[in-house]
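For reference, the structure discussed in these notes is given below.
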Amino acid sequence: MFIRIAVPVPQLNLLTYRVPDGMPRPVVGSRVIVPLGSRIVTGIVVDQEAGSEAAGRDVKPVRQVLDNEAFVPADVVALATWTAEYYAAGPGEVITAVLPPKTRGSRADAHKTMRVAAITAAGLEALQADPLSLTAKQRDALELLAGAPLGIPTPGLADRGFASDTISRLAKRGFVSLRQDRVDRDPFAAQTFEAASVAPDRRLTPEQTHALERLMALADRGQFHVALLHGVTGSGKTELYLRLASAVRARGRTALLLVPEIALTPAVASLLRRVFDERVAIQHSGLSDGERHDQWHRIRCGDIDVVVGTRSAVFAPLAGIGLVIVDEEHDASYKQEESPRYNGRDVAIVRAQHADALVILGSATPSMESYYNAMSGKYERVVLERRVLDRPLAAVTIVDMREEYVAAGPEAILSRVLTEAIQARLDRQEQSLVLLNRRGFATAVFCRQCAGTIDCPNCSVSLVVHGEGSTRRARCHYCNHSVRVPGKCPLCAGPYLEQTGFGTERVEAEVKRLCPGARVARLDSDAIRRKGALGALLSRFRDGEIDVLVGTQMIAKGHDFPRVTLVGVISADVGLGLADFRASERTFQLLTQVAGRAGRGEQPGQAIVQTLYPAHYSVQLACRQDYAAFYERELHFRRTMRYPPLLSLINVIVRSRTFAGAMDDAADVGKRLRDTNGDFCVLGPAPAPLGKLRGEYRAQLLIKGTSRRRMREALMSVIADRPGLARRTVVDVDPLSVL
Ligand code: ADP
Ligand code: ZN
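Position 141 of the sequence shown, counting from 1, maps to 1428 under the numbering used here, and the rest follow consecutively.
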């Protein structure tokens, strides 16, 4: 009797083991202990009956079965298997995502304490000065730790594919320190963040009532169905989610609510808690492992009616799902940018399909894919066209920065219009948000003598300057390599080094300079590294202790701050110059969303959008909040250029130590793919837009076609034909970005 199991080890396929005579056959989803090479590991049973082809071969026996019933529910195992196959990832990587942290082989007492690894000074030095003394894996681990000064719990490292022996080897060399931390169990206990206003028996607007009736009717059918809730920003979608979730509970079923950002979970969770009390669980990677572990078990035991979380919550062990909500369904953070490269929204739809549940995709700016499906009748479209209480959408002013440079000089960052508008808000004690989708102080250091820039030695990008004065450093946004900004050019020794380009740190400094007395803060991934920093910043803003919040797209999402009456966008076109087919869609979504953050309270809102391309359709139509026109225009482009949603894409990156090696291997893959004469086309190879990353060269192929399955199968068999190639190849099915 043979079974197939998944072990939480990256790159590994399903493994076959023998169930010794006398041992009961373990059920799907139960944990088994098996030998793997010289190790002993815990795996999850995926298939109770491996084919008889295993017979005769030397198949190792299962050592022990840990559970009589499924530990991971069978439907979640099936979902994980589907995800692994669809996204061409190893089952090991996906199974890791569905397990609670503790069972990943950490200590038995992980209940109350956990092991935390932090980089040491020696580790930092090795990383900077002698990276070749490290294996690629060790280097990656140290780079990750270098970005987390307080350390990372070892199960969190395991999550990212760093096995405990990698870490203990680093610890032996003195590059990593290990300590035990106490675990804080209740994610609600530490919560400092208060939810937005909620009146328990508030009356719905006529539009909300209508939409709710429609959605209730769909939920009542108890069948799989997808509804696209297309509601402008501030139209009260959250209110509908709450009511639907309670209606579904009244019928004895559960609900899963996905949000794009960890930052949005506390607000939604506390709204849900008012309705569902203790029966709400949170699942996201910002929780400590202990918290995650406890929440996971409460869900698994059936103590929970609603789970709210970020993309990985789609694998929560929740039974009896009747409703799946994906809020801000267009958001790029639903896509995991490392293996398994799944899109949480799409996996959520599959989960709902298996559970005969209703899916609600909510957005003010639906993705091209979802709107296309709504237009073709595959999804039902439910619309909210007005803001609640008929609050007007923000009035949008476009500032042409080319004119501004002529009038105010080429150094201008904040236009005069925007500066005055911020000042007016300060006078009236209202709040402003200022968005720039670029971190750092200056985006490059440029030598006036040789025109060189300070580039990353490992990646084909220039280093970004962070900080001012003595804390100033130039850092790579991909591999985290950093250097002190030199006094003279490292290439020609010229003395005239200039900083060019600007990021959020510089904007923060500019606002402070132009508006003395204003209380200014910054919200981007650099500012919230410390655990709890994000919640603290958001609640200070909500409490009115901050006048102007400068930030990246993090400030554009979902938040409901009634006292914000002004939103300034510094460079609306940050993404537009990029050779990515989604550049216009992203720009449109970002501008529409950020404008939607203004005027959500009593006072009407204003948005000021600075751009070098005032005539670009994504800028123009976002300012008019004209989604339908944008969709038509963009669909025409996608159709002409043969891009999704009209076709499917697989992005393939081949990595190698040399440029020629990467290009040759990619060319070989391309040729073999073309030789299969499949009904798809293969573009490339070309050097990838990010041609070098972490010391490796990268070549790219793009496969376009109508059948993902045929594209994927052809690709996987070509890759499998070349020993060693799989490890160096990144396969991204349905890529969100091809950069
Ligand atoms: P969306 O998610 O569509 O952008 P929200 O659900 O955040 O919008 O709602 C915007 C604001 O309107 C919130 O402050 C919410 O509490 C409030 N709101 C929602 N529905 C109503 C209603 N029927 N009457 C009054 N206020 C409402
Ligand atoms: Zn780098």
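Just so you know, even glycine gets a beta-carbon here, dropped at the ideal spot from N, CA and C.
Short Cβ contact (7 Å threshold) for residue i with residue j
| i | j | result |
| --- | --- | --- |
| ARG1726 | ASP1813 | yes |
| THR1706 | LEU1784 | no |
| ILE1569 | VAL1601 | no |
| LEU1960 | ALA2001 | yes |
| SER1575 | GLU1616 | no |
| LEU1701 | VAL1856 | no |
| PHE1358 | GLY1316 | yes |
| ALA2027 | SER1464 | Given that the chain is displayed from residue 1288 to residue 2026, the structure contains no residue 2027 and the question cannot be resolved. |
| GLY1978 | SER1749 | no |
| LEU1878 | ALA1909 | yes |
| ALA1882 | VAL1732 | no |
| LEU1988 | GLY1971 | yes |
| LEU1853 | ARG1735 | no |
| ARG1638 | ASP1592 | no |
| ALA1514 | VAL1613 | no |
| ALA1293 | GLY1379 | yes |
| TYR1621 | TYR1918 | no |
| ALA1681 | GLY1892 | yes |
| GLN1640 | VAL1851 | no |
| ASP2019 | ASN1938 | yes |
| ALA1367 | VAL1385 | yes |
| THR1839 | ASN1724 | yes |
Element boundaries [alpha helix (DSSP H), containing residue i]
| i | result |
| --- | --- |
| ALA1416 | 1408-1416 |
| TYR1914 | 1914-1928 |
| LEU1908 | 1904-1910 |
| GLN1425 | 1423-1433 |
| ALA1711 | 1703-1714 |
Run of the beta strand (DSSP E) containing residue i, from where it starts to where it stops
| i | result |
| --- | --- |
| VAL1751 | 1751-1753 |
| ARG1771 | 1769-1771 |
| PHE1289 | 1289-1293 |
| ASP1722 | Correcting the residue identity first, residue 1722 is Leu in this sequence and not Asp. That run of the beta strand (DSSP E) goes 1718-1722. |
| THR1684 | 1682-1687 |
| THR1303 | 1302-1305 |
| ILE1815 | Counting along the chain, ILE1815 falls outside any beta strand (DSSP E), and DSSP gives it neither H nor E. |
| GLU1616 | Here GLU1616 belongs to no beta strand (DSSP E), and DSSP marks it neither H nor E. |
| GLY1596 | 1593-1596 |
| GLU1667 | 1667-1671 |
Option nearest residue i by Cα separation, candidates the options
| i | options | result |
| --- | --- | --- |
| PHE1462 | ARG1489, LEU1419, ILE1439, GLU1412 | GLU1412 |
| GLU1795 | ARG1961, GLY1804, THR1787, ARG1809 | ARG1809 |
| ASP1803 | GLN1786, ASP1834, GLY1819 | The sequence shown places Pro at residue 1803, rather than the Asp named in the question. Comparing Cα-Cα distances from PRO1803 to each of GLN1786, ASP1834, GLY1819, the minimum goes to ASP1834. |
| ALA1337 | ALA1367, ILE1327, LEU1301, THR1370 | LEU1301 |
| GLU1667 | ILE2006, LEU1648, ALA1947 | LEU1648 |
| GLN1415 | LYS1991, ALA1870, ARG1762 | ARG1762 |
| ASP2021 | ALA1823, PHE1875, GLU1656, GLN1890 | GLU1656 |
| ARG1715 | GLN1890, GLN1876, ARG1566, LYS1799 | GLN1890 |
| PRO1773 | TYR1765, ASN1767, GLN1786, CYS1766 | GLN1786 |
| ASP1966 | PRO1974, SER1943, LEU1936, ALA1973 | LEU1936 |
| SER1757 | ARG1673, ARG1771, ASN1745, TYR1765 | ARG1771 |
| THR1422 | PRO1653, GLY1443, ARG1460 | ARG1460 |
| VAL1751 | SER1626, ALA1780, THR1791, ARG1816 | THR1791 |
| CYS1588 | ALA1894, MET2003, ASP1677, ALA1606 | ALA1606 |
| ALA1729 | CYS1737, ARG1703, VAL1704, HIS1764 | HIS1764 |
CB-CB length for residue i against residue j, believed under 8 Å
| i | j | result |
| --- | --- | --- |
| VAL1346 | ARG1305 | 5 Å |
| VAL1611 | ALA1644 | 5 Å |
| ALA1542 | GLY1609 | 7 Å |
| PRO1604 | PRO1297 | Actually they do not touch by this definition, with Cβ atoms about 22 Å apart. |
| ILE1382 | LEU1353 | That belief does not hold up - the Cβ atoms of ILE1382 and LEU1353 are roughly 15 Å apart, past 8 Å. |
| SER1529 | VAL1562 | The question names Ser, but residue 1529 is Leu in the sequence shown. Their Cβ separation, rounded to whole angstroms, is 6 Å, which keeps LEU1529 and VAL1562 in contact under 8 Å. |
| LEU1836 | LEU1720 | 5 Å |
| ARG1402 | PRO1440 | 7 Å |
| GLU1494 | LEU1671 | 5 Å |
| ALA1375 | ARG1999 | 6 Å |
Contact with chain D by residue i, beta-carbon distance below 7 Å
| i | result |
| --- | --- |
| VAL1748 | Considering every chain present, this structure includes no chain D. It has just one protein chain. |
beta-carbon residue i near ligand 3 non-hydrogen atom, thresh 6 Å
| i | result |
| --- | --- |
| TYR1374 | This structure simply doesn't include ligand 3; it includes ligand 1 and ligand 2 instead. |
Could you pull out every unbroken alpha helix (DSSP H) segment of at least 4 residues lying fully inside the segment 1307-1359, listed in chain order?
none
Extract the residue ranges of the alpha helix (DSSP H) inside the segment 1819-1896, only unbroken runs of 4 or more that lie entirely within it.
1820-1829, 1870-1882
For a minimum of 4 consecutive residues, which ranges assigned as the alpha helix (DSSP H) are wholly contained in the segment 1621-1657?
1631-1642
Entirely within the segment 1504-1543 and at least 3 residues each: give me those beta strand (DSSP E) ranges in chain order.
1512-1518
Which residue spans inside the segment 1546-1579 form an unbroken beta strand (DSSP E) run of at least 3?
1567-1570
Quick check on the DSSP output: what are the complete alpha helix (DSSP H) runs of length 4 or more inside the segment 1938-2026, in order along the chain?
1946-1962, 1995-2008, 2012-2015
Threshold first: 3 residues or longer. Then list the beta strand (DSSP E) segments lying entirely within the segment 1760-1805, N to C.
1760-1762, 1769-1771, 1784-1787
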